[in-house]
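Student:
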Amino acid sequence: MRQEMLRREEAEARRSRQRPRSPHGWGLLQLLWYLAFYNPIVTESHLRRKNMEFIFIRFSAWQYAGCDKLWAGLVTTLCHHIRRHFGALPLSVFHVMGSRPRFASGFSQREWSLKTGACLRLWGLLFVLAAGLTILLVALLVPGVKDHRVLKVVGSAVTSLSGSGLVLGAFSVLKNLVISEKHKIERLTDSERFTSQLGFMSKVRGEVEALVHFLAFMEIFERRRLRVVLEITGLDTCYPEKVAGVLNAMNTLLSDPHAPFIFILAVDPSVIVPCLEQTGCMKGLADNGYLYLNRTVTLPFSIPAMGARSRLSCLEAAVQTREDLMYRIITGNVERRRAKCHNGGGVTVTDPVAPPQHHQVVQCIHEAFRCLHREDDPLARYLPSNSTNVRRIVNTIPITIRLLLHRAGAAAAIAPSPRAAAAWVVLADQWPCRLSWALQCLEDSWQCSPTPELSARSLWSIFQEHVGELSGLRQPLHNALGLDGDPELFRTFLACDFPFSAGQARALLGVTVNLDHSIRHRMSLLRGLQRLQ
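Heads up: the sequence shown at position 107 corresponds to 107 in UniProt numbering, and the numbers run straight through without jumps.
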């Protein structure tokens with residue numbers, strides 16, 4: 001959008017030979033002059049302008065999830081960012097003296113018309129003020145006239161009345177300068193009579209309409225179109241009624257066909273649709289949340305599945321956020337330290353901060369992440385496309401490897417390889433329900449007959465043996481099964497690419513920190529009840 005904005009600016013400058021005005025610096029004085037004494041006019045040349053400025057506003061619904069009305073947070077965020085973008089003074093003057101644009105009659109190219117009434121009133125007040133001051137000065141200073149009280153009273157009255165009009169105007173501007181639109185709406189929402197306050201929505205609507213008219217005024221002044229782009233995120237983590245409130249606020253702001261708003265709604269429909277269906281906003285739509293979204297969203301865009309290169313870039317970005325996982329820097333330091341020891345004639349230099357086994361841990365973590373980065377390694381194909389899941393995997397792999405090496409102790413050579421540990425973390429993250437079922441069946445079988453033959457069996461064969469029983473528990477385990485990824489990829493993962501044995505699974509289970517063990521506990525109870533029946 002920024003690239004498109006720059007391209008349009010250059011094209012419009014070549015076409016019209018006019019540069020956009022700026023509301024800052026010396027342009028602020030010009031803006032205040034137009035606000036006070038001119039009416040904006042929408043002309044044909046203005047409608048032909050293609051240059052555009054986007055005002056980007058990010059609204060995280062999670063930050064306002066605790067307030068009673070989440071949509072009020074959306075409106076206050078909008079008011080705050082527009083005020084900060086253009087400045088408090090122009091918006092305050094517009095509230096007192098500004099006027100909304102009107103369309104030109106005919107093909108006139110005049111974009112501004114003088115406020116004749118406002119100018120006459122101002123000149124009239126200044127003339128009356130000057131006359132009152134003159135009468136008052138004459139009554140006070142001219143000899144022989146000082147004794148006339150009537151002139152003093154008339155001069156004082158005329159000066160006070162004419163001056164009070166100017167003072168009231170300045171006071172109104174100062175009041176809007178101090179009390180912003182955001183504070184007005186927050187004061188209304190903080191009222192104890194908020195739920196029963198009559199006319200509350202009309203007041204909020206009035207504040208939004210004032211912003212829309214101000215943006216239309218600024219379009220003509222800046223000689224370009226203005227669009228406010230609101231990026232709404234975090235609705236997936238809010239309560240259902242809050243989700244419906246934000247969507248209703250969007251529809252309210254977009255109800256005006258000339259509203260300069262663009263909403264980018266970044267949500268997961270599989271989470272939002274059930275929230276909408278639980279609220280009362282679905283009445284009349286056959287309780288279909290997808291139908292409601294189709295009538296709200298005018299440009300749907302479903303992000304395609306990530307390719308291999310995009311997944312690796314996402315993984316790299318997740319690693320960069322963790323200072324302790326900057327494995328390239330850590331490995332580089334280790335290699336430089338080794339080179340220093342080698343060049344020093346074989347003198348071993350030990351890091352006084354890190355324990356002796358720290359270098360081994362770093363090497364194992366390095367090797368695990370290198371497997372994820374290699375495009376020819378099958379493990380890279382199973383990386384999720386969700387950045388949250390990638391970050392969870394990145395955070396879990398170092399902990400799992402550290403626990404593995406700690407439990408192995410002196411027998412670290414027989415511990416599972418870093419590649420196997422990384423694959424196990426990915427398996428637990430992508431298929432938690434199916435993995436929990438396989439582990440629970442393995443645990444029950446081990447309790448009955450702990451034999452070496454069972455340890456040598458593959459985990460996939462154990463899952464296949466009891467998959468029919470899992471199919472019978474689909475209803476009580478519906479939500480847990482919804483956490484799993486593609487079942488075919490699960491079969492390929494365990495049967496072909498990473499055929500973990502039962503013994504390896506039992507060894508890795510003790511260091512598995514990214515698997516919800518309550519799922520296995522529920523499966524154990526369900527299996528016990530089913531056997532009783």
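Glycine included, each C-beta is placed from N, C-alpha and C at the ideal position. All values derive from a computational prediction rather than experimental measurement.
Buried or exposed for residue 292, going by 16 or more other Cβ atoms inside 10 Å?
Tutor: By the neighbour-count rule (16 or more Cβ atoms within 10 Å), residue 292 is buried.
Student: When DSSP labels each residue in this structure, what does residue 86 get in the three-state scheme?
Tutor: In the structure shown, residue 86 sits in a helix (DSSP, three-state: H, G or I).
Student: Nearest to residue 236 by CA position, among 497, 60 and 298, is which residue?
Tutor: Among 497, 60 and 298, the Cα nearest to that of residue 236 belongs to 60.
Student: Can you give me the C-alpha to C-alpha distance between residue 159 and residue 168, rounded to a whole angstrom?
Tutor: Straight-line Cα distance between these residues: approximately 14 Å.
Student: In whole angstroms, what separates the C-alpha of residue 121 from that of residue 130?
Tutor: So the two alpha carbons sit approximately 14 Å from each other.
Student: Alpha helix (DSSP H) containing residue 402: first to last residue?
Tutor: Residues 387-408.
Student: Could you tell me the boundaries of the alpha helix (DSSP H) in which residue 33 lies?
Tutor: Run containing residue 33: 26-37, per the alpha helix (DSSP H) assignment.
Student: For residue 303, count neighbouring Cβ atoms within 10 angstroms of its own Cβ and tell me buried if that reaches 16, exposed if not.
Tutor: With fewer than 16 other Cβ atoms within 10 Å, it is exposed.
Student: Tell me the rounded alpha-carbon separation between residue 279 and residue 89.
Tutor: Distance between the alpha carbons of residue 279 and residue 89: 42 Å.
Student: Measure the C-alpha to C-alpha separation of residue 372 and residue 379 and round it to an integer number of angstroms.
Tutor: Their backbone Cα atoms lie some 6 Å apart in a straight line.
Student: Sorted by chain position, which residues of the same chain lie with C-beta nearer than 8 Å to residue 352's C-beta, five sequence neighbours on each side aside?
Tutor: Residue confidence is low: residue 352 scores 39 on pLDDT, short of 50, so the model does not pin down where it sits. Its coordinate-derived value is still stated next. Result list for residue 352: empty, nothing under 8 Å.
Student: Give me the Cβ distance between residue 50 and residue 4, rounded to the nearest whole Å; I'm assuming they're in contact under 8 Å.
Tutor: The Cβ separation is near 10 Å, so there is no contact.
Student: Quickly, what does DSSP pair residue 53 with across the bridge? List them, please.
Tutor: In DSSP, residue 53 forms a bridge with 226.
Student: Can you give me the C-alpha to C-alpha distance between residue 114 and residue 37, rounded to a whole angstrom?
Tutor: Roughly 6 Å separates the two Cα atoms.
Student: Is there contact between the region 472-486 and the region 398-405, where contact requires at least three CB pairs shorter than 8 Å?
Tutor: Judged by Cβ distances under 8 Å, the region 472-486 makes no contact with the region 398-405, as fewer than three pairs qualify.
Student: Where does residue 523 land, buried or exposed, given buried means 16+ other C-beta within 10 angstroms?
Tutor: That one is buried.
Student: Taking buried to mean at least 16 other C-beta atoms within 10 Å of its own C-beta, is residue 463 buried or exposed?
Tutor: Per the 10 Å Cβ criterion, buried.
Student: Inspect the CB distances between the region 73-84 and the region 26-41 and report whether three or more fall short of 8 Å.
Tutor: Contact fails: fewer than three Cβ-Cβ distances are below 8 Å.
Student: Which of the three DSSP states, helix, strand or coil, is assigned to residue 384?
Tutor: Residue 384 falls in the coil class under three-state DSSP.
Student: Quick check: what's the CA-CA separation for residue 350 versus residue 511?
Tutor: In this prediction, residue 350 scores a pLDDT of 38, lower than 50, which makes its location untrustworthy; the coordinate-derived value is nonetheless stated afterwards. Straight-line Cα distance between these residues: approximately 29 Å.
Student: Note down, in chain order, each residue of its chain lying with its Cβ closer than 7 Å to the Cβ of residue 514, except the 5 sequence neighbours on either side.
Tutor: Only 392, 396, 425, 428 and 429 meet the Cβ criterion.
Student: Provide the residue span of the beta strand (DSSP E) that contains residue 112, from first to last.
Tutor: Residues 112-114.
Student: Where does the unbroken beta strand (DSSP E) through residue 299 begin, and where does it stop?
Tutor: First-last for residue 299: undefined, no H or E at that position.
Student: Identify whether residue 272 lies in helix, strand or coil by the three-state DSSP scheme.
Tutor: Three-state DSSP puts residue 272 in a helix.
Student: Starting from the Cα of residue 312, find the closest Cα among 390, 241, 367 and 442 and give me that residue.
Tutor: When each option's Cα is compared against that of residue 312, the closest is 390.
Student: Rounded to the nearest angstrom, what separates residue 209 and residue 75 at their Cα positions?
Tutor: Distance between the alpha carbons of residue 209 and residue 75 is about 12 Å.
Student: Could you have a look at residue 469 and say whether DSSP puts it in helix, strand or coil?
Tutor: Note: residue 469 maps to helix in three-state DSSP.
Student: Between the region 92-100 and the region 9-25, do at least 3 Cβ pairs fall closer than 8 Å?
Tutor: With a cut-off of 8 Å, the region 9-25 and the region 92-100 do not count as touching, because too few Cβ pairs lie within range.
Student: When the Cα atoms are used, what is the spatial distance from residue 268 to residue 275?
Tutor: About 11 Å.
Student: In terms of DSSP beta bridges, what is residue 536 paired with?
Tutor: Residue 536 is absent from the model: the chain starts at 1 and stops at 533.
Student: To the nearest whole angstrom, what separates the beta carbons of residue 460 and residue 494, a pair I think is in contact under 8 Å?
Tutor: Correct: roughly 4 Å between the Cβ atoms.
Student: If you check the beta carbons only, do residue 226 and residue 215 fall under 8 Å apart?
Tutor: Yes, Cβ-Cβ distance for residue 226 and residue 215 is below 8 Å.
Student: Less than 8 Å between the CB atoms is what I'm expecting for residue 487 and residue 526, so what's the real figure, rounded?
Tutor: That pair is no contact at about 20 Å.
Student: Determine whether the beta carbon atoms of residue 247 and residue 296 lie at a separation below 8 Å.
Tutor: Yes; because the gap between Cβ atoms is below 8 Å, this pair is in contact.
Student: How would you call residue 123, buried or exposed, if buried means at least 16 neighbouring beta carbons within 10 angstroms?
Tutor: When all chains shown are included, residue 123 counts as exposed.
Student: Around the Cβ of residue 1, are there at least 16 other Cβ atoms within 10 angstroms (buried) or fewer (exposed)?
Tutor: Result: exposed.
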